[in-house]
Structure formats: C-alpha cells, structure tokens
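>
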Amino acid sequence: MQRAYQKVPYPLGSEEWKSFVNFAKAFYREAVEIAKASSVDVESYRALLNATVSPLVYVWEQWQLMGSEKRLPYATEEYRKVLERHMGEAKKISEQIGKA
Numbered sequence: 006m007q008r009a010y011q012k013v014p015y016p017l018g019s020e021e022w023k024s025f026v027n028f029a030k031a032f033y034r035e036a037v038e039i040a041k042a043s044s045v046d047v048e049s050y051r052a053l054l055n056a057t058v059s060p061l062v063y064v065w066e067q068w069q070l071m072g073s074e075k076r077l078p079y080a081t082e083e084y085r086k087v088l089e090r091h092m093g094e095a096k097k098i099s100e101q102i103g104k105a
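All you need for the numbering used here is the position in the sequence shown, starting with 1, plus 5.
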C-alpha cells in the first residue's frame with residue numbers, strides 16, 4: 006500500500022521539534038547500522054536502506070504516536086519539563102479516577 010503525501014503542521018523551532026530531530030537522528034542511525042551489518046553487495050545495501058529509512062513525515066507520525074515516557078530519552082531539557090508535567094497531570098487524573 007502506497008501512502009499519499011501529507012501536509013503536516015510541524016512545530017518548527019519548538020522544543021518538541023528539537024526533541025523530534027533527536028529521535029529522527031536515532032531512527033536513521035539505527036537504519037544505517039542495520040544496513041551496515043548486512044553482508045550484501047552495494048545494490049542490495051541500497052535496497053535495504055531504502056526499505057528501512059522512512060521519509061521524515063512517517064517518522065513524525067511515529068513520534069506523534071509515542072507516549073511521553075518513550076519521548077523522554079530524546080527530549081531537550083525544556084521539552085523534558087513539559088513531558089514530566091504532562092505525565093504528572095495524567096497520573097493525578099488517573100488517581101482521581103481510581104478513587105471514584
């Protein structure tokens with residue numbers, strides 16, 4: 006199934022964007038390491054990279070689906086504070102629901 010082009014409202018320049026860039030770099034670094042670990046010819050190597058490296062829009066989609074805890078390793082200091090605040094608020098709400 007081929008995905009169509011999506012117009013995505015990236016939060017360019019924000020702390021979330023900077024954190025996402027950290028995630029994307031790790032994602033692509035892992036794809037390259039997987040390809041390097043294979044013992045294949047150059048054409049197969051290229052095909053393997055094409056299969057494992059997604060366009061940025063799809064990496065962004067993965068980022069959007071990640072929970073706050075999974076984003077923490079990639080978060081900038083400022084974005085980490087935001088995530089921790091959100092996690093704290095979610096925990097309080099969860100506790101209130103549990104008491105009800």
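Glycine included, each C-beta is placed from N, C-alpha and C at the ideal position.
1. With a threshold of 7 Å on Cβ separation, who are the neighbours of residue 18 within its own chain once the five nearest residues in sequence on each side are excluded?
2. Can you tell me whether residue 44 is buried or exposed? The criterion is at least 16 other CB atoms within 10 Å of its CB, across all chains shown.
3. Would residue 76 be called buried (16 or more neighbouring beta carbons within 10 Å of its own) or exposed?
4. My output table needs one value for residue 17: the three-state DSSP class, helix, strand or coil.
5. Identify which residue in 104, 71, 99, 97 has its Cα closest to the Cα of residue 29.
Taking the geometry as given:
1. Position 13 of the sequence shown, counted from the first residue, corresponds to residue 18. Result list for residue 18: empty, nothing under 7 Å.
2. Residue 44 sits at position 39 when you count from the first residue of the sequence shown. By the 10 Å Cβ count, residue 44 comes out exposed.
3. Against the sequence shown, residue 76 aligns to sequence position 71. Buried, since its Cβ has 16 or more Cβ neighbours within 10 Å.
4. Mapped onto the sequence shown, residue 17 falls at position 12. Correct three-state label for residue 17: coil.
5. In the sequence shown, the residue the question calls residue 29 occupies position 24. When each option's Cα is compared against that of residue 29, the closest is 71.
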